[in-house]
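Working notes, beginning with the structure itself.
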Amino acid sequence: MKRLVVLAGPNGSGKSTLFHLVKLAPDFPETYINPDEIVRLEDFAAIPVEAERYHLAMDYAEELRNQALKQSEPLAFETVLSKPACKMQSDKATLSSWCSLRHVIRRSISHA
Amino acid sequence: MAIKVEYASERDAQKIIGDLCNKVAVDRMRVVITDETGPKLALVPIRHGELLEEFARQFDLGIDIENEASVASKEAFTELYLSVLQTKRLVLIMQQGRPCLALVPLDGRMAQERLFGFIDIDDLLEIEQHERGCIASSEFEEAVKRVGQLPYDEIARSLEESTNDTVQRLVAKGAPTPQQFLRRVSGKRER
Chain A
14 MKRLVVLAGP NGSGKSTLFH LVKLAPDFPE TYINPDEIVR LEDFAAIPVE
64 AERYHLAMDY AEELRNQALK QSEPLAFETV LSKPACKMQS DKATLSSWCS
114 LRHVIRRSIS HA
Chain B
27 MAIKVEYASE RDAQKIIGDL CNKVAVDRMR VVITDETGPK LALVPIRHGE
77 LLEEFARQFD LGIDIENEAS VASKEAFTEL YLSVLQTKRL VLIMQQGRPC
127 LALVPLDGRM AQERLFGFID IDDLLEIEQH ERGCIASSEF EEAVKRVGQL
177 PYDEIARSLE ESTNDTVQRL VAKGAPTPQQ FLRRVSGKRE R
């Protein structure tokens, strides 16, 4: 079955920890995409400017996500839902018959 | 009471800082001030100074102790806020002799996540689930109870492992390697 797990929540809310805790559950996707981890890969870590490093890691993460979706690879990814595209991706996947499971970690974010 | 998180841009922070301080201290709300490169400063309601002392020790941050007068006005707070950012010192605000609020300079998200790993978060996670089968909610619920209780290094290792596996798997199926991706992007820029 095609599965998409989206762990959504603000920074520091526990998305990665939650992933670590449930990744061995039966049927949990093996493919896991998190720009904060990608930025630590050797090639990205070598980019001297921090902001550029993060932007490129996010772009690469998006490319990997699209690749996984295109190939119907069960996929888990994290998002702070900062871009509408992240939300769209999840909705689009749901509509196109993916089994989508979103876990939104909320901590009553309010913008002052 | 659940602790809340509030995000503000650095620019906004100075305007709203008086309100924020009240919220942090009175409503137990956590505040993270970010700029485009990531989190810069966390305001953390704190009852146990030793947790932050441990955090400061691990991140090699000095600690300053201030009394509540230093956050009593927007002007006083702004001064303190700028000094925390410049000196990279953690400031513990005391109220009636007890820790009440901490200003913690952050350097990237990892520091933030690690900081929050030190803080008691038993009551702060609220999970909203939208599901269509796949994985039992109970597994997530059980997992959520353990968030904040695991050694950070164990999680970091596990995430790194999963990320390496993922990249290798997707590259084998046709995705660019990080190197190919970066070369392509830099080629586009040069053109």
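As given, the protein sequences belong to chains A and B, one line each in that order.
Residue numbers for the first sequence follow the numbering used here, beginning at 14 and rising by one.
Residue numbers for the second sequence follow the numbering used here, beginning at 27 and rising by one.
Ideal Cβ placement from N, Cα and C applies to all residues, glycine included.
Everything numeric in this text was worked out from a predicted model, so none of it was measured.
Original post:
DSSP three-state call for Phe-41 (chain A): helix, strand or coil?
Top reply: As a first step, residue 41 (chain A) must be located in the first sequence, where it is residue number 28. Correct three-state label for Phe-41 (chain A): coil.
Original post:
If you run the structure through DSSP and keep just helix, strand and coil, what is Gly-200 (chain B)?
Top reply: Here residue 200 (chain B) corresponds to residue number 174 of the second sequence, with the count starting at 1. Gly-200 (chain B) falls in the coil class under three-state DSSP.
Original post:
Is any beta-carbon of chain A found at less than 9 Å from that of Val-211 (chain B)?
Top reply: By one-based count along the second sequence, residue 211 (chain B) stands at place 185. It does: the Cβ of Val-211 (chain B) has a partner Cβ on chain A nearer than 9 Å.
Original post:
Around the C-beta of Pro-42 (chain A), are 16 or more other C-beta atoms found within 10 angstroms, so that it is buried, or is it exposed?
Top reply: For this step, residue 42 (chain A) is matched to residue 29 along the first sequence. Pro-42 (chain A) should be labelled buried.
**OP:** Find out if the Cβ-Cβ distance for the pair Phe-90 (chain A), Ala-74 (chain A) is shorter than 9 Å.
**Re:** In the first sequence, counting from the first residue as 1, residue 90 (chain A) sits at position 77. In the first sequence, counting from the first residue as 1, residue 74 (chain A) sits at position 61. Yes, they are a contact pair.
Original post:
Are the C-beta atoms of Leu-69 (chain B) and some chain A residue less than 9 Å apart?
Top reply: Indexing the second sequence from 1 puts residue 69 (chain B) at position 43. Using a CB distance cut-off of 9 Å, Leu-69 (chain B) does not count as an interface residue toward chain A.
Original post:
Can you tell me where the alpha helix (DSSP H) with Glu-55 (chain A) in it begins and where it stops?
Top reply: For the purposes of this step, residue 55 (chain A) is identified with residue 42 of the first sequence, where counting begins at 1. Residues 55-58.
**OP:** Would you mind sorting Ile-119 (chain B) into buried or exposed? The rule is 16 or more other CB atoms within 10 Å of its CB.
**Re:** In the second sequence, the residue the question calls residue 119 (chain B) occupies position 93. Answer is buried; the Cβ neighbour count reaches 16.
Original post:
Under a CB-based cut-off of 9 Å, is Ala-201 (chain B) close to chain A?
Top reply: On the second sequence, position 175 is the one that residue 201 (chain B) refers to. Judged by the 9 Å Cβ criterion, Ala-201 (chain B) is in contact with chain A.
Subject >> Same chain, Cβ closer than 7 Å to Leu-111 (chain B), five either side skipped, listed in chain order >> reply: Numbered from its first residue, the second sequence carries residue 111 (chain B) at position 85. Closer than 7 Å at the Cβ level, and outside the excluded window around Leu-111 (chain B), lie Lys-66, Leu-67, Pro-131.
**OP:** Return the bridge partner residues of Glu-91 (chain A) from the DSSP annotation.
**Re:** The residue given as residue 91 (chain A) occupies position 78 in the first sequence. Under DSSP, Glu-91 (chain A) forms a beta bridge with A:Leu-20.
Subject >> Ser-188 (chain B) to Arg-83 (chain B) span [Cα, whole Å] >> reply: By 1-based counting over the second sequence, the position of residue 188 (chain B) is 162. By 1-based counting over the second sequence, the position of residue 83 (chain B) is 57. For Ser-188 (chain B) and Arg-83 (chain B), the distance between alpha carbons rounds to 30 Å.
**OP:** Could you check if Val-62 (chain A) is buried or exposed, using at least 16 other CB atoms within 10 Å of its CB as the buried criterion?
**Re:** Translated into the one-based positions of the first sequence, residue 62 (chain A) becomes position 49. With a threshold of 16 other beta carbon atoms within 10 Å, Val-62 (chain A) falls short and is exposed.
Subject >> 8 Å CB neighbourhood of Arg-78 (chain A) in its chain, flanking five on each side removed >> reply: Locating residue 78 (chain A) in the first sequence gives position 65, counting from the first residue. Closer than 8 Å at the Cβ level, and outside the excluded window around Arg-78 (chain A), lie Ile-46, Leu-88, Phe-90, Gln-102.
Original post:
CB-CB under 6 Å to Asp-191 (chain B), same chain, minus the five flanking residues each way: which ones, in chain order?
Top reply: Along the second sequence, one-based indexing puts residue 191 (chain B) at 165. So no residue of the chain qualifies.
Subject >> Inter-residue spacing [alpha-carbon to alpha-carbon] between Pro-97 (chain A) and Asp-72 (chain A) >> reply: Locating residue 97 (chain A) in the first sequence gives position 84, where the first residue counts as 1. Locating residue 72 (chain A) in the first sequence gives position 59, where the first residue counts as 1. Residue placement at Pro-97 (chain A) cannot be trusted, given a pLDDT of 42 that sits under 50; the coordinates are not used to answer.
Original post:
Start and end of the alpha helix (DSSP H) containing Asp-49 (chain A)?
Top reply: Along the first sequence, one-based indexing puts residue 49 (chain A) at 36. Run containing Asp-49 (chain A): 48-51, per the alpha helix (DSSP H) assignment.
Original post:
What's the call for Arg-209 (chain B), buried or exposed, on a 16-neighbour Cβ count within 10 Å?
Top reply: For the purposes of this step, residue 209 (chain B) is taken as the residue at position 183 of the second sequence. Arg-209 (chain B) comes out exposed.
Subject >> Other residues of its chain near Pro-48 (chain A): CB distance less than 6 Å, five sequence neighbours each side excluded >> reply: Stepping through the first sequence from its first residue, residue 48 (chain A) is reached at position 35. Within its own chain, the residues whose Cβ lies closer than 6 Å to the Cβ of Pro-48 (chain A), once the five positions on either side in sequence are excluded, are Ala-70, Met-71, Ala-74, listed in chain order.
Original post:
Using the beta-carbon of each residue, which ones in chain A are nearer than 7 Å to Phe-103 (chain B)?
Top reply: Locating residue 103 (chain B) in the second sequence gives position 77, counting from the first residue. Chain A residues near Phe-103 (chain B): none, gap ~14 Å exceeds 7 Å.
Subject >> Test: Thr-113 (chain B) CB closer than 9 Å to a CB of chain A >> reply: In the second sequence, residue 113 (chain B) corresponds to position 87, counting from 1. No, its Cβ sits nowhere closer than 9 Å to a Cβ of chain A.
Subject >> N-terminal and C-terminal residue of the beta strand (DSSP E) that Asp-90 (chain B) is part of >> reply: As a first step, residue 90 (chain B) must be located in the second sequence, where it is residue number 64. It spans 88-93 - the beta strand (DSSP E) in which Asp-90 (chain B) sits, taken as one unbroken run.
Original post:
When the distance is taken between beta carbons, is Glu-50 (chain A) closer than 9 Å to Glu-180 (chain B)?
Top reply: As a position in the second sequence, residue 180 (chain B) is number 154, starting the count at 1. As a position in the first sequence, residue 50 (chain A) is number 37, starting the count at 1. Their beta carbons are not under 9 Å apart, which means Glu-180 (chain B) does not touch Glu-50 (chain A) by this criterion.
**OP:** Alpha carbon to alpha carbon, how far is Leu-69 (chain B) from Leu-127 (chain B)? Give it in angstroms, no decimals.
**Re:** Here residue 127 (chain B) corresponds to residue number 101 of the second sequence, with the count starting at 1. Here residue 69 (chain B) corresponds to residue number 43 of the second sequence, with the count starting at 1. Roughly 7 Å separates the two Cα atoms.
**OP:** Inspect the beta-carbon positions of Leu-20 (chain A) and Leu-31 (chain A) and report whether they are closer than 9 Å.
**Re:** Residue numbering aside, residue 20 (chain A) sits at position 7 when the first sequence is read from its first letter. Residue numbering aside, residue 31 (chain A) sits at position 18 when the first sequence is read from its first letter. In this structure, Leu-31 (chain A) lies closer than 9 Å to Leu-20 (chain A) by Cβ.
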